[in-house]
Amino acid sequence: MKQRLKTITNILTLIGAVMTVADTTNAFAYQAIGWHWYNELPFMQEKKKQEQKEQKEHMEPTDSPVKESMQVTAVAEIKKLREGVEEAKAKAILDPTEVNVRDYIALQNYVATKATMFSQVWQKILLDYPGLDLRVVSPTQSAIQSVVYDEKRKKESEVIRYFSERYGLLFFYRGENPLDNELARVVSTFVQENSISFIPVSVDGKVLEIFATGKVNNGQAEKLGIKHFPALVLVDPGGKKIKPVNYGFISGAELRERFLQIATDFKN
Numbered sequence: 375m376k377q378r379l380k381t382i383t384n385i386l387t388l389i390g391a392v393m394t395v396a397d398t399t400n401a402f403a404y405q406a407i408g409w410h411w412y413n414e415l416p417f418m419q420e421k422k423k424q425e426q427k428e429q430k431e432h433m434e435p436t437d438s439p440v441k442e443s444m445q446v447t448a449v450a451e452i453k454k455l456r457e458g459v460e461e462a463k464a465k466a467i468l469d470p471t472e473v474n475v476r477d478y479i480a481l482q483n484y485v486a487t488k489a490t491m492f493s494q495v496w497q498k499i500l501l502d503y504p505g506l507d508l509r510v511v512s513p514t515q516s517a518i519q520s521v522v523y524d525e526k527r528k529k530e531s532e533v534i535r536y537f538s539e540r541y542g543l544l545f546f547y548r549g550e551n552p553l554d555n556e557l558a559r560v561v562s563t564f565v566q567e568n569s570i571s572f573i574p575v576s577v578d579g580k581v582l583e584i585f586a587t588g589k590v591n592n593g594q595a596e597k598l599g600i601k602h603f604p605a606l607v608l609v610d611p612g613g614k615k616i617k618p619v620n621y622g623f624i625s626g627a628e629l630r631e632r633f634l635q636i637a638t639d640f641k642n
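Under the working numbering, the sequence shown is numbered contiguously, ending at residue 642.
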């Protein structure tokens, strides 16, 4: 029952119904009737008559191209329904007579019933057309997450190994900058775990002790067009190709994923 109420709440948000269900249990006690039944509620009758009067006054010829644009669209229908719910709720709160409260509950029940029907059809469609179900492509169940995670880690490791055999990693940093210092620890751990050829380059003259070896920028950053720091860049041994990896801070997990993104041109 709780799951059903959660589903209904989500669908109500989807169709734009901006109201709070006052008594969902009572709302399901009534049977839903036709899609236009709410026009027959007392508070809607006068509005309906006025709309019909205005429509007649501005009626276009049968063969007019304007006639088609005057047809009620689904969006307009939903808007009208939402306004009806809001009007009924406001009227029931301001003047809580049996008739007003009954009308609001009945209208609310209609929306809830439509939401339930929508949810049920949604589930049926996903069975008939599994290609539309994102859970098939990207499972979200906790029991499956470990399998998905392991597969992703395997792909990341393969890609990192590929780049480590063909590229070197340059890390341009500012030794006086706290953010760069924090990233230095992440990068140091990453290159050690993955055996990547690595050269850290200080662009402000201060070499960090965390690195066994380090260099001071002597035009390398300018030559490679690096203007923002900290920066991680993959460079081939011949220095003819560079692949920017990241600017700014990045975690170890994100760095692994970034290598996979670069390998797949961000289509993974």
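Glycine included, each C-beta is placed from N, C-alpha and C at the ideal position. These numbers come from a predicted model, not from an experiment.
- Counting other Cβ atoms within 10 Å of its Cβ, residue 506 stays below 16 and is therefore classed as exposed.
- Comparing alpha-carbon positions, the option among 619, 546 and 499 lying closest to residue 593 turns out to be 546.
- Contact between residue 550 and residue 589 is absent: CB atoms are separated by about 16 Å, not below the 8 Å threshold.
- Within 10 angstroms of the beta-carbon of residue 477 lie 16 or more other beta-carbons, which makes it buried.
- Inside the segment 564–598, DSSP marks whole beta strand (DSSP E) runs of 3 or more residues at positions 572–576, from first to last along the chain.
- Taking C-beta separations shorter than 8 Å and ignoring five residues to either side along the sequence, the partners of residue 499 in its chain run 506, following chain order.
- Beyond the five residues adjoining it in sequence on each side, residue 584 comes within less than 6 Å, by CB distance, of 558 and 562 in the same chain, given in chain order.
- As computed with DSSP, residue 609 is found in a beta bridge with 542 and 616.
- The segment 519–535 makes no contact with the segment 593–602; the number of CB pairs closer than 8 Å stays below 3.
- When the five nearest sequence neighbours on each side are left out, the beta carbons in the same chain lying within less than 8 Å of the beta carbon of residue 519 are those of 513, in order along the chain.
- Put simply, of 571, 609 and 510 the residue whose alpha carbon is nearest the alpha carbon of residue 587 is 571.
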